[in-house]
Amino acid sequence: MAVRPVSRMLQRVLRSSVRSCSSGAPVTQHRPGEPSQTAAEELSRRRQFLREHAAPFSAFLTDSFGRQHSYLRISLTEKCNLRCQYCMPEEGVPLTPKADLLTTEEILTLARLFVKEGIDKIRLTGGEPLIRPDVVDIVAQLHQLEGLRTIGITTNGINLARLLPQLQKAGLSAINISLDTLVPAKFEFIVRRKGFHKVMAGIHKAIELGYSPVKVNCVVMRGLNEDELLDFVALTEGLPLDVRFIEYMPFDGNRWNFKKMVSYKEMLNTLQQQWPELEKLPEEESSTAKTFKIPGFRGQLSFITSMSEHFCGTCNRLRITADGNLKVCLFGNSEVSLRDHLRAGASEEELLRIIGAAVGRKKRQHAELLLMLQDSPPAIPSISSQDPFRVQGIRHRGSFSNQMMILWRGGWVPQTPLLAQRLLGSVCPQRHCSSHLNSDANPKCLSAVSRAPGTPSGPLPTSDQLTHVDTAGRAAMVDVGGKPDTERVAVASAVVLLGPMAFKLIQENQLKKGDALAVAQLAGVQAAKLTSQLIPLCHHVALSHVQVGLELDSTRHAVGIRVSCRARGPTGVEMEALTAAAVAALTVYDMCKAVSRDIVLGEIKLLSKTGGQRGDFQRT
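Residues 226 to 845 (our numbering) make up the sequence shown, in order.
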């Protein structure tokens with residue numbers, strides 16, 4: 226590998242007058258109180274300098290098709306603080322023993338070797354890289370490597386606002402933030418965790434610190450978030466964002482099917498209908514993105530066309546996994562353990578030969594994926610207790626973009642906005658949405674809540690007064706301040722009579738809007754949590770459990786809905802259960818109305834209620 230005589234000579238000359246970065250490119254020293262955008266100017270100067278004084282590229286990182294690999298992705302951890310539905314099961318995945326993961330020194334040793342051979346961009350990934358305790362120190366040490374132009378990170382954004390000032394000071398120059406929805410409740414459903422406001426605060430902090438553009442990665446999935454394309458793009462009007470729409474890529478681990486993929490051309494067509502003036506920007510060399518801009522907008526948008534128009538011919542990426550395996554292709558199964566060779570005492574020359582051999586075997590394009598595309602017809606998803614996340618058709622009605630722009634322009638601090646408070650709030654500390662309650666129950670129907678021995682059943686004691694009106698006949702909320710807290714459980718049900726055609730489409734999951742049962746299940750959970758905002762005189766209840774089950778009844782061409790709600794407090798949860806059953810039924814109607822208007826919603830009723838002062842109720 227040739228040395229960089231020009232770069233080193235200039236570095237020695239420049240050192241006497243200005244501070245220089247590790248590459249030899251001149252960097253202006255910050256002055257106290259100087260705006261943070263000087264970091265971006267510094268980075269631009271550094272890149273220009275390195276472009277002009279680049280060394281010959283290493284043969285070890287050049288494959289048999291002449292592709293020069295100058296971009297290395299390093300996974301810092303397998304762990305993640307989210308549990309995204311399309312990524313991993315709720316309980317997580319088996320983790321590699323700590324002893325088998327790369328140590329910090331091993332990461333830096335490999336990084337130095339790759340940069341010495343021509344890698345000029347390193348992106349830190351995970352899992353979630355920002356949960357690694359020494360991530361700031363790793364960035365700082367990478368920043369010292371001569372020839373490294375860009376240090377980026379891909380993060381879910383949960384810890385970004387807290388760590389970004391330190392990361393920027395250490396030398397982090399590029400940020401990609403994963404965000405698949407702008408709807409707080411949908412975010413919580415997708416990732417099985419709260420944190421929408423933290424991600425937004427992280428994006429805001431990146432803008433505040435002068436990163437431009439801040440890249441926001443959105444994996445577009447049919448029936449889940451393709452209805453939010455316009456809202457994402459609208460954010461670029463006043464913000465320096467690069468919203469990157471990524472085609473969903475089916476692979477063995479995510480249980481999804483090709484029917485969920487929304488192609489680049491379909492997305493582009495949707496956007497051009499709203500913004501016909503959309504302009505395509507020139508593509509950078511080896512870029513994976515097709516970038517567009519709306520005239521007058523501050524930011525831009527991009528498409529990562531991994532499926533419909535692959536970019537294998539210009540691929541310049543290599544990956545090192547958290548346990549030290551080198552992957553030359555994301556879709557290839559071939560991996561080479563650099564960790565094992567490193568720990569066996571391999572010399573730098575031996576490691577380079579191993580790396581060079583792996584790069585040399587890289588295929589022209591990801592053949593495994595192409596075979597999947599040819600051999601796998603679009604699968605028809607189905608509801609099952611093993612895979613309840615089959616959501617096709619969650620629609621947020623109305624645009625969030627205007628509200629978000631107001632929050633951004635007002636210098637949004639990391640607090641949950643009003644709408645997010647309403648949707649996320651503290652209504653459900655332990656949320657549980659499942660298609661079954663216990664192992665011996667019908668997998669599509671909730672079993673009835675069993676009563677304690679000796680619990681009286683039958684109608685509640687009646688009252689000769691309406692409790693929600695005062696002496697003057699005006700509406701009034703009941704004062705429950707003096708009531709004791711008890712465990713409250715309520716079960717309610719509803720039935721939707723569909724008719725033969727709509728029933729068959731639901732049964733075969735062929736509705737154009739998507740999976741009606743899964744969407745109705747989610748709608749019921751949300752409705753239970755929002756009951757006090759829908760029914761004026763209902764008290765706010767901190768639900769500890771909500772469960773919504775739906776069962777197909779072929780004899781009646783109907784969907785049976787059963788809801789169970791639980792909370793500990795001074796007031797019952799029958800209204801939450803009834804509201805959830807009613808909204809789930811309405812959602813089924815909404816999903817099927819294009820097929821038939823002859824749909825009947827009925828039998829909305831309370832089945833049981835326990836824990837109140839006036840005794841329990843059990844419908845017989």
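A virtual CB, placed ideally from N, CA and C, is assigned to each residue, including glycine.
Predicted, not measured: the structure shown is a model, and the values here were computed from it.
Return the chain-ordered list of same chain residues with a C-beta closer than 8 Å to the C-beta of Leu506, the five sequence neighbours on each side being excluded. Thr516, Phe517, Lys518 and Gln525
First through last residue of the alpha helix (DSSP H) which encompasses Asn494: Tyr489 to Gln499
Helix, strand or coil at His764 [DSSP, three-state]: coil
Taking 8 Å as the threshold, find out whether the segment 580–589 comes into contact with the segment 356–366 through three or more Cβ pairs. no
Reference Leu768; option with closest CA among Lys754, Glu433, Phe290 and Thr780: Lys754
For Arg357, which option in Cys305, Gly448 and Ala748 has the closest C-alpha, if you only look at C-alpha atoms? Cys305
Helix, strand or coil, according to DSSP, for Arg542 in the structure here? strand
Would Ser403 and Gly343 be called neighbours here (beta carbons separated by less than 7 Å)? no
Alpha carbons only, please: which of Arg387, Lys484, Val340 and Glu508 is nearest the one belonging to Thr375? Val340
Give me the DSSP bridge partner(s) of Ser486. Ser is not the amino acid found at residue 486; the sequence shown has Met there. The partner list for Met486 (beta bridge, DSSP) reads Met446.
Below-7 Å beta-carbon distance, Val714 vs any chain B residue: Included in the structure is just one protein chain, with no chain B present.
Put His770 into one of helix, strand or coil per three-state DSSP. strand
Could you name the residues that DSSP lists as bridge partners for Ala399? Gly377
Which class does Cys554 belong to by DSSP, given the choice of helix, strand or coil? coil
Taking the alpha carbon of Arg447 as the reference point, which residue from Tyr814, Leu722, Tyr473 and Ile545 has its own alpha carbon closest? Tyr473
Helix, strand or coil at Arg298 [DSSP, three-state]: strand
Would you give the residue range spanned by the alpha helix (DSSP H) that Leu454 belongs to? Leu454 to Ala459
Would the beta-carbon of Ser511 fall within 7 Å of that of Thr530? no
Which residues share a DSSP beta bridge with Leu811? Paired residue(s): none; Leu811 is not in a bridge.
Quick one: what does DSSP say Thr711 is sitting in, helix, strand or coil? strand
Under 7 Å between the Cβ atoms of Asp710 and Gly794? yes
For Val716 and Ser789, which I take to be in contact (beta-carbon distance under 8 Å), what is that distance rounded to the nearest angstrom? 5 Å
Three-state secondary structure (DSSP) at Leu775? strand
Give the straight-line distance between the Cα atoms of Pro681 and Gly749, rounded to the nearest whole angstrom. Its pLDDT being 42, under 50, Pro681 is placed unreliably by the model, and nothing is read from it.
So, with DSSP's three-state summary, where would you put Asp823? coil
Looking only at C-alpha atoms, which of Val798, Lys830, Ala807 and Tyr814 sits nearest to Gly837? Val798
How would you label Lys430, buried or exposed, when you count the other beta carbons within 10 angstroms and need 16 or more for buried? buried
Please classify Arg781 as buried or exposed, where buried requires at least 16 neighbouring CB atoms within 10 angstroms. exposed
Just to confirm, are Leu327 and Arg564 a CB contact at a threshold of 7 Å? yes
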